[in-house]
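Asker:
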Amino acid sequence: MIVLVRHGERADQCEIECQKILNSHDPHLTPKGCEQAKQAGKLILEEIEEYRLINIQSSPFLRCIMTAKNIAHQIKQEEVSINTEICETLYPYFFSSNPLPRLVVNKNRTLSYFSQITLIDQQMKEDNIYPEELEDVNNRIISYVQKLLEKIEDDQCIILVTHQRPLKSILEYFNQQTNDVGYCQVISIKKGESTQLEECKLTIY
Numbered sequence: 001m002i003v004l005v006r007h008g009e010r011a012d013q014c015e016i017e018c019q020k021i022l023n024s025h026d027p028h029l030t031p032k033g034c035e036q037a038k039q040a041g042k043l044i045l046e047e048i049e050e051y052r053l054i055n056i057q058s059s060p061f062l063r064c065i066m067t068a069k070n071i072a073h074q075i076k077q078e079e080v081s082i083n084t085e086i087c088e089t090l091y092p093y094f095f096s097s098n099p100l101p102r103l104v105v106n107k108n109r110t111l112s113y114f115s116q117i118t119l120i121d122q123q124m125k126e127d128n129i130y131p132e133e134l135e136d137v138n139n140r141i142i143s144y145v146q147k148l149l150e151k152i153e154d155d156q157c158i159i160l161v162t163h164q165r166p167l168k169s170i171l172e173y174f175n176q177q178t179n180d181v182g183y184c185q186v187i188s189i190k191k192g193e194s195t196q197l198e199e200c201k202l203t204i205y
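Numbers 1 to 205, taken from UniProt numbering, label the letters of the sequence shown in order.
In structure tokens, the structure reads:
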């Protein structure tokens, strides 16, 4: 099974937390966002009892890493892999240059945001994502999920902590409504006899 989760509430949506942001393109979670992530973790825990192998992957943006960390604590996992293939939409409209090298996790991993969890760096080393358009984002997330489906074990669950647009891309692929993909929205994809994405079962929580 593959579980996709949007990050929790970001600090630039909160007047108090906004003052603590280290990188305007990479805000942390608010306390409310951390609580949202914990609740998502409790929900996921109920769904993964039958799975022996659990792997958590996170976008390298801080709000996703913090969400993944809170989920990991709820489901008794100690590691989070950082993966650029599930990162934020890298539109030139939002980012005048590639933001990935300047993200907080790539500048200072000694910060408390990254404590009490083991981070495994699986980021792409090449500048081969930025810049991108909507079609690129859709292709990126769909291709990555399909690749996971082709190699995932029956007793394995992979949790992808990502952003709003990747979740919308998956929902659109399954012809689902995307009007309300809120903070810490959870969806799951279960493969049947086939590993083809279009033949999987989608569940929206």
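Virtual Cβ for every residue (Gly too), placed ideally from N, Cα, C.
This structure is a prediction, so every number in the text was calculated from the model and none was measured.
Can you find the residues in the same chain that come closer than 6 Å, C-beta to C-beta, to Gly8, ignoring five residues on each side of it along the sequence?
Answerer: Answer for Gly8: Leu29, Gly33, Gln36, Ala37, Thr67, Tyr183, Cys184, listed in chain order.
Asker: Around the Cβ of Gln57, are there at least 16 other Cβ atoms within 10 angstroms (buried) or fewer (exposed)?
Answerer: The residue is buried, with at least 16 neighbouring Cβ atoms inside 10 Å.
Asker: Name, in chain order, the residues that DSSP records as bridge partners for Thr118.
Answerer: Answer is Glu79, bridged to Thr118.
Asker: Could you have a look at Asn175 and say whether DSSP puts it in helix, strand or coil?
Answerer: Asn175 falls in the coil class under three-state DSSP.
Asker: Measuring only the C-alpha atoms, how far is Val145 from Glu15?
Answerer: Approximately 36 Å, taken between the alpha carbons.
Asker: Apply the 10 Å Cβ neighbour rule to residue 207 and answer buried if 16 or more other Cβ atoms are within range, or exposed otherwise.
Answerer: It is not possible to answer for residue 207, since the shown part of the chain is limited to 1 through 205.
Asker: Which residue or residues does DSSP assign as beta-bridge partners of Thr162?
Answerer: Looking at the DSSP assignment, Thr162 forms a beta bridge with Arg6.
Asker: Taking the CB atoms as reference points, tell me whether Ile2 and Ile152 lie closer together than 8 Å.
Answerer: Closer than 8 Å, so yes.
Asker: Could you pull the start and end residues of the beta strand (DSSP E) that Ile54 belongs to?
Answerer: From DSSP, the beta strand (DSSP E) with Ile54 extends over 53 to 58.
Asker: Using a 10 Å radius around the Cβ and a threshold of 16 neighbouring Cβ atoms, would you call Ser112 buried or exposed?
Answerer: Answer is exposed; the Cβ neighbour count stays below 16.
Asker: Quick check: the segment 106 to 121 against the segment 61 to 75, are there 3 or more CB pairs under 8 Å?
Answerer: Enough Cβ pairs lie closer than 8 Å, so yes.
Asker: Measure the alpha-carbon distance for Arg63 versus Glu79 and round it to whole angstroms.
Answerer: Near 16 Å, if we compare the C-alpha coordinates of Glu79 and Arg63.
Asker: Quick check: the Cα distance between Ile129 and Ile65, rounded to an integer number of angstroms?
Answerer: For Ile129 and Ile65, the distance between alpha carbons rounds to 19 Å.
Asker: Would DSSP call Gln146 helix, strand or coil?
Answerer: Note: Gln146 maps to helix in three-state DSSP.
Asker: Output the boundary residues of the beta strand (DSSP E) element that contains Thr203.
Answerer: Here the beta strand (DSSP E) through Thr203 covers 201 to 204.
Asker: Pull up the CB-CB distance for Leu4 and Pro166, whole angstroms please, since I reckon it's below 8 Å.
Answerer: The pair is a contact, with the Cβ atoms about 7 Å apart (cut-off 8 Å).
Asker: Given Gln164, which residues of its chain have a CB within under 7 Å of its CB, disregarding the five upstream and five downstream residues?
Answerer: Arg6, Val181, listed in sequence order.
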